[in-house]
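In this note's numbering, the protein residues as written are 2 to 442.
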Amino acid sequence: MANKEILLFHPRTFHEKNYRNFWIPYSILSLGSEVQKNGFDVFLFDNNLESIEKNQFPTLLSKFKNPLFVGVSSMIGHQIHEGLQFAEVAKDIFPKTKIVWGGAAPTMLAHDFINSPLVDIIVKGQGEKTIVELAKALESRKALGNIKGLLYKNRKKTIKSPEREILSKDTFALYNYNLIPTERYLRNDEHINSRVLNHVSSQGCPFGCGFCSEVSLYHRNWVAESTERIIKEISVLVENYNANGIKFYDANFFVNKSRVLSFAQKVLEKGWRIRWAASAHPKNLLSFSKEELNIIKKSGCSRILIGAESGNDEELEYIKKNITTDDVIRVAEMLKQIEIHGSFTIIVGYPGFPEDNIKKTLDFGEKIAKIASIHEVKAHVYTPYPGTPLYNQAIQYGFVPPKTLDEWSNYDYYEVQTPWLRNNLNDIINQYNKKYCPYVL
Numbered sequence: 002m003a004n005k006e007i008l009l010f011h012p013r014t015f016h017e018k019n020y021r022n023f024w025i026p027y028s029i030l031s032l033g034s035e036v037q038k039n040g041f042d043v044f045l046f047d048n049n050l051e052s053i054e055k056n057q058f059p060t061l062l063s064k065f066k067n068p069l070f071v072g073v074s075s076m077i078g079h080q081i082h083e084g085l086q087f088a089e090v091a092k093d094i095f096p097k098t099k100i101v102w103g104g105a106a107p108t109m110l111a112h113d114f115i116n117s118p119l120v121d122i123i124v125k126g127q128g129e130k131t132i133v134e135l136a137k138a139l140e141s142r143k144a145l146g147n148i149k150g151l152l153y154k155n156r157k158k159t160i161k162s163p164e165r166e167i168l169s170k171d172t173f174a175l176y177n178y179n180l181i182p183t184e185r186y187l188r189n190d191e192h193i194n195s196r197v198l199n200h201v202s203s204q205g206c207p208f209g210c211g212f213c214s215e216v217s218l219y220h221r222n223w224v225a226e227s228t229e230r231i232i233k234e235i236s237v238l239v240e241n242y243n244a245n246g247i248k249f250y251d252a253n254f255f256v257n258k259s260r261v262l263s264f265a266q267k268v269l270e271k272g273w274r275i276r277w278a279a280s281a282h283p284k285n286l287l288s289f290s291k292e293e294l295n296i297i298k299k300s301g302c303s304r305i306l307i308g309a310e311s312g313n314d315e316e317l318e319y320i321k322k323n324i325t326t327d328d329v330i331r332v333a334e335m336l337k338q339i340e341i342h343g344s345f346t347i348i349v350g351y352p353g354f355p356e357d358n359i360k361k362t363l364d365f366g367e368k369i370a371k372i373a374s375i376h377e378v379k380a381h382v383y384t385p386y387p388g389t390p391l392y393n394q395a396i397q398y399g400f401v402p403p404k405t406l407d408e409w410s411n412y413d414y415y416e417v418q419t420p421w422l423r424n425n426l427n428d429i430i431n432q433y434n435k436k437y438c439p440y441v442l
């Protein structure tokens, strides 16, 4: 009988050092739920939760007998390093088992990853259907050639299959929260509530912001759960785990106005006494009337994360943000009126712009913060990401991309990575964030 065991590993997110909380790792939970639905025995391991070191990996892996494959999910940054450590131990213990990588880092850096001896197969982009087809092919020892969305090694050749289309999230299995110790992810969040769990209800974003990895990963596509699906998922978190807060980790929750309003109405009909938070593009928020925003507020929306991105209109045009600074101020005023906490992000150091623009953007952030005491502003340094619209421009202005996976594992978007910015900007940004965004520190 073929082995049906699959192990999915989520390395620690050390690079999120400016945030207090880690959350449910939906990157592996979504895949795990899908392969289990299709008859495989899946085991999820989130090292944010367990914090075990490399010398303890053999003990973890010894519980398995030649798994069908070992999967590693990784973003660009420190997750790569620990993921490679885990893959090295897995290769040593199970030399015939395929090591499969997925997530943002191997999708954007596919050729860097596939050249590593610790990578056999890469699942690119949205992986739920791909990983099921892969599991079935490996189980039956069939060729992988007909599976979309892969980059893999076949003897001495590297083979890239056709890209997989992005599918509606309603086509995937419901999240199986029994695969993880869900109650251990409950968090107190003063801008949401005392028992908060996260949820991901959509992927991608239709906007083309020049710095954003979502553009590289999903090519301006946006796929989302229906309102009915969101309510079904949230019901589990509220009723089974007594969550009184939901933090949506969508890149842009507010893309579809009718979906947002329908969700808010359903929450009110359910009589849930919850609070929730989500991300929005300013353009989307400006399409809501005051009455519609009040419905959202009444349903429990307490915090909205908004990408303001710059205090300079010429930069906003350059990055194709599709807004002006006046638009951002209007959003801040709107949220003040209905008493929803606005968490605004700004970015400094875009390629090709004078250093004076940094101060203008920081001053603009201060202006936003002064509109309402409930608002916060967090500053970031522009960091080039492969496949994003500004990446090649950054190279033209002297940015030298990392050349190895080890170098990419040290790539930290909270630190200056470009040659046109001074290193002391890190200290300036850190002090700024302590003043205007103490919440997330």
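Here a beta-carbon is modelled for each residue, glycine too, at the ideal position from N, C-alpha and C.
For clarity, every value in this text was computed on a predicted model and none was experimentally measured.
task = Say whether the segment 250-263 touches the segment 276-292, bearing in mind that this needs 3 or more beta-carbon pairs closer than 8 Å, one atom from each stretch.
result = yes
request  = Hey, could you find the ends of the alpha helix (DSSP H) residue 456 is sitting in?
outcome  = As shown, the chain starts at 2 and ends at 442. That puts residue 456 outside it, with no answer to give.
query = Would you call the CB atoms of residue 312 and residue 361 closer than 7 Å?
reply = yes
query = Which residue spans inside the segment 82-151 form an unbroken alpha helix (DSSP H) run of at least 4?
reply = 105-109, 111-115 and 129-141
query = To the nearest angstrom, how far is it from the Cα of residue 2 to the Cα of residue 141?
reply = For residue 2, the pLDDT reaches just 47, beneath the cut-off of 50, and the residue's location in the model is therefore unreliable, although a value from the coordinates is still provided. When rounded, the distance between both Cα atoms is 11 Å.
query = Is the CB-CB distance between residue 148 and residue 134 below 7 Å?
reply = yes
key: Extent of the continuous alpha helix (DSSP H) run through residue 333   = 326-339
message = Going by DSSP, what residue range makes up the beta strand (DSSP E) through residue 345?
response = 342-349
inquiry  = Please identify the residue among 397, 402, 373 and 376 whose C-alpha is closest to the C-alpha of residue 387.
reply    = 402
key: Neighbourhood of residue 302 by C-beta, 8 Å cutoff - its chain only, sequence neighbours within 5 removed   = 265, 276, 277, 278, 279 and 341
Complete runs of the alpha helix (DSSP H) confined to the segment 10-64 [at least 4 residues] = 27-38, 48-51 and 58-62
ask   = For residue 45 versus residue 180, is the C-beta spacing smaller than 7 Å?
value = yes
query = Pick from 156, 421, 373 and 246: whose alpha carbon is nearest that of residue 343?
reply = 373
ask   = Between the Cα of residue 137 and the Cα atoms of 41, 184, 81 and 31, which residue gives the shortest distance?
value = 41
task = Check each candidate in 334, 160 and 128 and name the one with the smallest Cα separation from residue 116.
result = 160
key: residue 294, DSSP secondary structure in three states   = helix
Sequence-distant residues of the same chain with beta carbon closer than 8 Å to residue 426, five excluded per side = 349, 350, 359, 382 and 417
inquiry  = Assuming the contact rule is C-beta atoms closer than 8 Å, residue 304 and residue 243 should be a hit. Round their C-beta distance to whole Å, please.
reply    = Wrong, their Cβ atoms sit about 20 Å apart, outside the cutoff.
inquiry  = Does the segment 54-65 come into contact with the segment 228-237, if we say contact requires no fewer than three beta-carbon pairs (one atom in each stretch) closer than 8 Å?
reply    = no
query = Secondary structure at residue 376, three-state DSSP: helix, strand or coil?
reply = coil
query = the ligand FMN heavy atoms versus the CB of residue 191: any closer than 6 Å?
reply = With respect to the ligand FMN, the structure offers nothing, as it holds no ligand at all.
key: Alpha-carbon spacing of residue 66 relative to residue 240, whole angstroms   = 36 Å
message = Please report the distance separating the alpha-carbon of residue 220 from that of residue 205.
response = 8 Å
key: Cβ-based neighbour list, residue 299, same chain, cut-off 7 Å, excluding 5 preceding and 5 following   = 269
key: Top-ranked residue by Cα proximity to residue 370, from 112, 190 and 434   = 434
request  = Quick one: give me the first and last residue of the alpha helix (DSSP H) that residue 418 is part of.
outcome  = Element bounds for residue 418: n/a, residue is neither H nor E.
request  = Could you spell out where the beta strand (DSSP E) holding residue 71 opens and where it closes?
outcome  = 70-74
task = Return the bridge partner residues of residue 400 from the DSSP annotation.
result = Answer is none; residue 400 lacks a bridge partner.
request  = Specify whether the segment 326-342 and the segment 285-295 touch according to this definition: at least 3 beta carbon pairs, one from each stretch, less than 8 Å apart.
outcome  = yes
task = Report the option in 86, 411 and 77 whose CA atom is closest to the CA atom of residue 71.
result = 86
ask   = Which residue comes first and which comes last in the alpha helix (DSSP H) that contains residue 230?
value = 228-242
For residue 162, the first and last residue of its enclosing alpha helix (DSSP H) = Element bounds for residue 162: n/a, residue is neither H nor E.
request  = For the alpha helix (DSSP H) holding residue 218, just list the boundary residues, first then last.
outcome  = 214-219
message = Looking only at its chain, what residues have a beta carbon closer than 6 Å to the beta carbon of residue 84, apart from the 5 residues adjacent to it on each side?
response = 12, 73 and 75
query = Do you know how far the Cα of residue 357 is from the Cα of residue 29?
reply = 43 Å
message = Can you give me the C-alpha to C-alpha distance between residue 49 and residue 14, rounded to a whole angstrom?
response = 7 Å
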